[in-house]
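**Student:** Position one of the first sequence corresponds to residue 182 (the numbering used here), numbered consecutively onward.
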Amino acid sequence: MNSYQIDEKLKPILNQMHQTGVKLNVDFLNNFSQKIGLKILKLESEIYNAVGHKFNLNSPSQLAKVLYEELKIKPGQSGIKRKKTHHSTSAESLGKIEKLHPSIKQILKYRELAKLKNTYLDPLPKLVDQNSRLHTTYMVDTSTGRLSSKNPNLQNIPIRTDIGKEIRKAFVAENGYKLLAADYSQIELRIAAHFSGDKTMIDAFKEGKDIHRTTAEELGVDRRTAKTVNFGILYGVSSYGLSESLRIPPEDAQALIDKYFLTFPKLAKYIQETIQKAQSNGYVETLYGRRRYIPELQSPIERLRKFGERVAINTPIQGTAAEIIKLAMIEISRKVFSIEKLVSSIDIQNTSHKILDTDSVKLILQIHDELVFEVKEEKIKEVAEIVRDSMENVVKLSVPIIVDLRVGKNWREIESI
DNA sequence: GATCGGCGCCAC
DNA sequence: AAACGTGGCGCCGATC
Ligand SMILES: Nc1nc2c(ncn2[C@H]2C[C@H](O)[C@@H](COP(=O)(O)OP(=O)(O)OP(=O)(O)O)O2)c(=O)[nH]1
Ligand SMILES: [Mn+2]
Ligand SMILES: [Mn+2]
182 MNSYQIDEKL KPILNQMHQT GVKLNVDFLN NFSQKIGLKI LKLESEIYNA VGHKFNLNSP
242 SQLAKVLYEE LKIKPGQSGI KRKKTHHSTS AESLGKIEKL HPSIKQILKY RELAKLKNTY
302 LDPLPKLVDQ NSRLHTTYMV DTSTGRLSSK NPNLQNIPIR TDIGKEIRKA FVAENGYKLL
362 AADYSQIELR IAAHFSGDKT MIDAFKEGKD IHRTTAEELG VDRRTAKTVN FGILYGVSSY
422 GLSESLRIPP EDAQALIDKY FLTFPKLAKY IQETIQKAQS NGYVETLYGR RRYIPELQSP
482 IERLRKFGER VAINTPIQGT AAEIIKLAMI EISRKVFSIE KLVSSIDIQN TSHKILDTDS
542 VKLILQIHDE LVFEVKEEKI KEVAEIVRDS MENVVKLSVP IIVDLRVGKN WREIESI
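#1: Hey, quick one: how far does the beta strand (DSSP E) through ILE545 stretch, first residue to last?
#2: Looking at the unbroken beta strand (DSSP E) that takes in ASP585, where does it start and where does it end?
#3: Tell me which residues share the same chain as ILE505 and place their Cβ nearer than 6 angstroms to its Cβ, disregarding the 5 neighbours each side in the sequence.
#4: Going along the chain, which residues of its own chain have a beta-carbon closer than 8 angstroms to the beta-carbon of THR409, five neighbours each way excluded?
#5: Are the beta-carbon atoms of LYS192 and ARG593 separated by less than 8 angstroms?
#6: For ARG263, name the three-state secondary structure that DSSP assigns.
#7: Can you check whether the CB of ALA493 is closer than 8 angstroms to the CB of ALA459?
#8: Please tell me whether, using a cut-off of 7 angstroms, the distance from the CB of GLU551 to the nearest non-hydrogen atom of ligand 3 is below it.
#9: Measuring alpha carbon to alpha carbon, tell me which of ARG484, GLN367, ASN356 and LEU552 ends up nearest ALA509.
#10: How big is the Cα-Cα spacing for GLY378 and ASN299?
#11: Apply the 10 Å Cβ neighbour rule to GLN367 and answer buried if 16 or more other Cβ atoms are within range, or exposed otherwise.
#12: Examine the Cβ distances between the region 286–296 and the region 237–252 and report whether three or more of them are shorter than 8 angstroms.
#13: At 4 residues or longer, what runs of the alpha helix (DSSP H) sit wholly inside the region 402–466?
#14: How should ASP550 be labelled, buried or exposed, when 16 other C-beta atoms within 10 angstroms of its C-beta is the threshold for buried?
#15: Provide the residue span of the alpha helix (DSSP H) that contains MET382, from first to last.
#16: Would the region 579–591 and the region 332–343 be scored as touching if the rule is three or more Cβ pairs under 8 angstroms?
#17: For the putative contact between VAL203 and ARG314, defined by C-beta atoms under 8 angstroms, what is the C-beta separation to the nearest angstrom?
#18: So what does DSSP say about SER184, is it helix, strand or coil?
#19: Look at the alpha carbon of ARG484 and the alpha carbon of SER424, and state the distance between them as a whole number of angstroms.
#20: Using only alpha-carbon positions, find the residue among ALA374, ALA385 and ALA295 that is nearest to LYS450.
#21: For TYR421, which residues in the same chain have their Cβ closer than 6 angstroms to its Cβ, ignoring the five residues on either side in sequence?
#22: Measure the alpha-carbon distance for ILE278 versus GLY357 and round it to whole angstroms.
#23: Scan the region 231–277 and note each continuous alpha helix (DSSP H) run of 4 residues or more that stays entirely inside, going in chain order.
#24: CB LEU305 to CB LEU205, shorter than 8 angstroms?
#25: In the DSSP assignment, the alpha helix (DSSP H) including ASP364 goes from what residue to what residue?
#26: CB PRO497 to CB PHE412, shorter than 8 angstroms?
#27: Tell me whether the beta-carbon of VAL588 lies closer than 8 angstroms to the beta-carbon of ILE598.
#28: Rounded to the nearest angstrom, how far is the Cβ of ARG569 from that of ALA363, given a contact under 8 angstroms?
#29: Short check: CB of MET182 to CB of TYR469, under 8 angstroms?
#30: For a test of the three-state rule: what should DSSP assign to LEU390, helix, strand or coil?
#31: Could you give the DSSP three-state label for THR539: helix, strand or coil?
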């Protein structure tokens with residue numbers, strides 16, 4: 182099986198997922214939107230009061246004028262980047278000047294709430310069908326082989342903040358069903374361990390270690406930030422970039438990068454070898470032979486060449502992760518289908534708890550390394566077993582592949598099993 | 001009214 | 001001058 186054949190077998194499954202859709206609690210989202218809407222109005226008027234006049238808060242250009250001209254906040258002094266048109270008003274930049282004016286904290290809060298309302302709370306209810314189900318379209322056309330999801334994108338539903346995460350409560354199972362969510366553990370780190378053969382990292386995974394957690398504890402940050410560190414370093418983050426995301430001096434960031442590659446020495450070697458091979462071939466390859474050509478490697482412009490090198494490292498790993506989950510989707514659908522066929526051929530009443538069929542288990546979402554199923558409550562145990570076994574064993578690497586399974590009535594309140 | 005680049009931000 | 005990678009989408013301001 183090569184990457185092309187994988188995608189061909191996947192297509193009918195993606196079509197089925199599109200047709201099935203996911204059930205949305207529309208009333209919940211509408212209520213939530215009203216509440217957030219009131220908070221937004223309040224913040225707006227407080228901000229206009231604080232700066233002395235109204236303006237369009239959604240316009241970065243107008244906001245930059247207010248902050249950096251009227252309020253005379255010195256962007257250069259605070260290390261705020263100049264964009265093409267004006268100085269940046271990104272959350273990262275505003276964070277640096279938060280203490281210089283009382284309105285800035287409120288602007289950040291406004292941005293957070295407006296984002297949730299305009300991107301999720303208001304658009305999603307408008308897109309449901311008569312059965313309150315939402316039908317995203319999955320595409321297979323990204324440069325690494327990952328899927329993408331659009332109209333609406335259901336691969337970027339908030340999870341980081343408590344308030345954002347509430348939105349996941351709106352993704353619910355039908356009556357008599359539960360959601361089963363299965364997410365690969367540290368997936369791209371495992372693939373990096375496999376490709377590089379780094380003994381330290383391989384042993385860590387064989388011992389069941391959680392490298393994201395270890396990084397989090399060492400740095401005193403949350404686990405999501407630790408992912409940014411671990412993947413950032415693996416994929417070529419600069420000391421400057423790392424210093425920005427951790428809010429530490431570049432020297433300290435460089436020390437972290439050095440330590441990372443001292444801890445995992447063969448990772449550094451693998452990176453160099455992969456870049457060299459990409460330069461001589463002109464392309465890189467995933468585990469199942471998907472190729473990505475990287476013309477940037479030949480560019481006379483250093484910035485582009487460096488970008489090409491990072492692409493050369495990232496693509497085989499991210500692309501292989503995509504292939505693994507695609508194979509799992511194919512395998513799971515094959516198993517459910519063959520059990521269903523077996524059952525109908527021997528004409529058993531479909532009541533035994535041992536029996537599965539396409540009405541008992543529906544694959545409804547794919548979020549890069551996570552699958553979400555809607556499963557008849559009485560079949561959760563059997564389905565969970567098949568899902569775990571398929572996802573963990575459909576591909577064999579030199580490290581174990583582990584899946585984290587959770588069950589619940591909605592996508593927010595799911596408990597590990 | 002549609003389209004586009006820029007900015008910004010959500011997720012993995 | 002840049003400064004982990006992969007996406008989709010909302011809003012603004014310019015343009016047609
Ligand atoms: N380059 C890069 N890749 C990322 C980033 N965040 C996530 N990914 C990729 C690599 C991850 O292995 C993969 C799946 O994301 P997850 O959020 O599930 O994290 P991961 O599986 O590593 O850890 P987990 O044990 O599931 O919490 O997506 C990031 O910030 N940068
Ligand atoms: Mn994961
Ligand atoms: Mn995940």
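Here a beta-carbon is modelled for each residue, glycine too, at the ideal position from N, C-alpha and C.
**Tutor:** The short version:
#1: Taking the first residue of the first sequence as 1, we reach residue 545 at position 364. From DSSP, the beta strand (DSSP E) with ILE545 extends over 542–547.
#2: Residue numbering aside, residue 585 sits at position 404 when the first sequence is read from its first letter. Its beta strand (DSSP E) spans residues 584–589.
#3: Residue 505 sits at position 324 when you count from the first residue of the first sequence. Short of 6 angstroms from the beta carbon of ILE505, and not among the five residues preceding or following it, lie these beta carbons of its own chain, in chain order: VAL576.
#4: Residue numbering aside, residue 409 sits at position 228 when the first sequence is read from its first letter. Within the same chain, THR409 has close Cβ partners SER426.
#5: The residue given as residue 192 occupies position 11 in the first sequence. The residue given as residue 593 occupies position 412 in the first sequence. The answer is no: Cβ separation not under 8 angstroms.
#6: Position 82 of the first sequence holds residue 263. Assignment of ARG263 by DSSP, reduced to helix, strand and coil, places it in the strand class.
#7: Here residue 459 is taken as the residue at index 278 of the first sequence, counted from 1. Here residue 493 is taken as the residue at index 312 of the first sequence, counted from 1. Contact flag set, yes.
#8: The count along the first sequence starts at 1 and reaches residue 551 at position 370. Checking the Cβ of GLU551 against ligand 3 gives yes.
#9: Start at 1 with the first residue of the first sequence, and residue 509 comes out as number 328. Closest option to ALA509, Cα to Cα, is LEU552.
#10: In the first sequence, the residue the question calls residue 378 occupies position 197. In the first sequence, the residue the question calls residue 299 occupies position 118. Distance between the alpha carbons of GLY378 and ASN299: 45 angstroms.
#11: In the first sequence, the residue the question calls residue 367 occupies position 186. By the neighbour-count rule (16 or more Cβ atoms within 10 Å), GLN367 is buried.
#12: yes
#13: DSSP runs (the alpha helix (DSSP H)) wholly in the region 402–466: 404–415, 420–427, 431–444 and 446–462.
#14: Reading the first sequence from its first residue, position 369 is the one you call residue 550. Buried, because 16 or more other Cβ atoms sit within 10 Å of the Cβ of ASP550.
#15: The residue given as residue 382 occupies position 201 in the first sequence. 380–387 is the extent of the alpha helix (DSSP H) around MET382.
#16: Output reads no: the region 332–343 does not touch the region 579–591.
#17: Here residue 203 refers to the residue found at position 22 of the first sequence. Here residue 314 refers to the residue found at position 133 of the first sequence. Contact flag correct, Cβ pair sits at about 6 angstroms.
#18: Counting from 1 along the first sequence, the entry for residue 184 is found at position 3. If DSSP states are grouped into helix, strand and coil, SER184 belongs with the helices.
#19: Walking along the first sequence from the start, residue 484 turns up at place 303. Walking along the first sequence from the start, residue 424 turns up at place 243. Approximately 19 angstroms between the Cα atoms of the pair.
#20: If you number the first sequence from 1, residue 450 lands on position 269. Closest in alpha carbon position to LYS450, among ALA374, ALA385 and ALA295, is ALA374.
#21: To locate residue 421, count along the first sequence from 1; it is residue 240. Contacts found: PRO431.
#22: Position 97 of the first sequence holds residue 278. Position 176 of the first sequence holds residue 357. Roughly 51 angstroms separates the two Cα atoms.
#23: 241–246 and 272–277
#24: Start at 1 with the first residue of the first sequence, and residue 305 comes out as number 124. Start at 1 with the first residue of the first sequence, and residue 205 comes out as number 24. Yes; because the gap between Cβ atoms is below 8 angstroms, this pair is in contact.
#25: Here residue 364 corresponds to residue number 183 of the first sequence, with the count starting at 1. No alpha helix (DSSP H) contains ASP364, which is instead part of the beta strand (DSSP E) from 358–365.
#26: Walking along the first sequence from the start, residue 497 turns up at place 316. Walking along the first sequence from the start, residue 412 turns up at place 231. In this structure, PHE412 does not lie closer than 8 angstroms to PRO497 by Cβ.
#27: On the first sequence, residue 588 is found 407 positions in, with the first residue counted as 1. On the first sequence, residue 598 is found 417 positions in, with the first residue counted as 1. Less than 8 angstroms divides the Cβ of VAL588 from the Cβ of ILE598.
#28: Position 388 of the first sequence, counted from the first residue, corresponds to residue 569. Position 182 of the first sequence, counted from the first residue, corresponds to residue 363. Rounded, the Cβ-Cβ distance is 7 angstroms, consistent with contact.
#29: Here the question's residue 182 lines up with position 1 in the first sequence. Here the question's residue 469 lines up with position 288 in the first sequence. In contact: MET182 and TYR469 (Cβ atoms closer than 8 angstroms).
#30: Start at 1 with the first residue of the first sequence, and residue 390 comes out as number 209. Contrary to the premise, residue 390 reads as Lys rather than Leu in this sequence. Coil at LYS390, not helix or strand.
#31: Position 358 of the first sequence, counting from 1, holds the residue named residue 539. Three-state DSSP puts THR539 in coil, outside helix and strand.
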